[in-house]
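These notes are about the structure you will find just below.
Protein chains in written order, with the working numbering: chain A, 31 to 146; chain B, 19 to 130.
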């Protein structure tokens, strides 16, 4: 079946550094990918919609300059948390939409970001 | 905005019993619904989906029911097993594009 690969699964960084998270659709092309943030015991919060070849669409309250999204190819979207601070610590999840006759939304395995 | 909650609803069932997890959705124009299972520290795993032109769909041990009249979605798991213990989310895609809105989630605990 379709698989979405997300890396890294866990990252610990110092405050002020930037962290890049990759999301790849392994066996289908995804013009649309999504990035979510999830706090403990809570549901997924959509941060932004990543569109291949165009600018990402950010949800209200999400800082564009803080969370940089690049969707340079049909199989790869990246989320860069710039100048990370402890309050950015969270579980970040990506998903990719497989379109066509059997449309489905698949998720990556998530990235646990801890900012010291 | 997205549903956010501090305390997940919990459903406890005996191993071997059937489980029913419910979800109320908000947008009457939503055309596509998905159920996901999420285990601790992992990303959501697709379970089953249903489109708005259907009211029932069955998979392996799982059935999704859609009642558009009352905007209600349910996931039925037959012969619940310990491996089914997880948080289950419903998601709807509305008429505002391809964004999916997620429900608050329900924690399923399977008792031995």
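Ideal placement from N, C-alpha and C gives every residue a C-beta, glycine not left out.
Computed from a predicted model, the values in this text were never measured in an experiment.
Our two residues, residue 122 (chain B) and residue 91 (chain B), have alpha carbons roughly 13 Å apart in a direct line. Per DSSP, residue 88 (chain B) is not a residue of any beta strand (DSSP E), being assigned neither H nor E. Close partners of residue 117 (chain B) in chain A (Cβ separation under 8 Å): 64, 76 and 79. With respect to chain A, the C-beta atom of residue 60 (chain B) has a partner C-beta closer than 8 Å.
Taking 8 Å as the Cβ-Cβ cut-off, the stretch 127–146 of chain A approaches chain B at 127, 133, 134, 135, 136, 137, 138, 139, 140 and 142, given in chain order. Taking C-beta separations shorter than 6 Å and ignoring five residues to either side along the sequence, the partners of residue 67 (chain B) in its chain run 52, following chain order.
Put simply, the backbone Cα of residue 68 (chain A) is about 25 Å away from that of residue 104 (chain A).
Within chain A, the residues 134 have their CB atoms less than 8 Å from the CB of residue 67 (chain B), given in chain order.
Within the stretch 87–126 of chain A, the complete beta strand (DSSP E) runs of at least 3 residues fall at 97–103 and 106–111.
For residue 73 (chain B), the three-state secondary structure derived from DSSP is coil. Looking only at A:93, A:57 and A:86, the smallest Cα-Cα distance to residue 99 (chain A) is reached by A:86. For residue 123 (chain A), the chain B residues whose C-beta falls within less than 8 Å of its own C-beta are 61 and 62, listed in chain order. Secondary structure note for residue 40 (chain A): its beta strand (DSSP E) is the uninterrupted segment 40–43.
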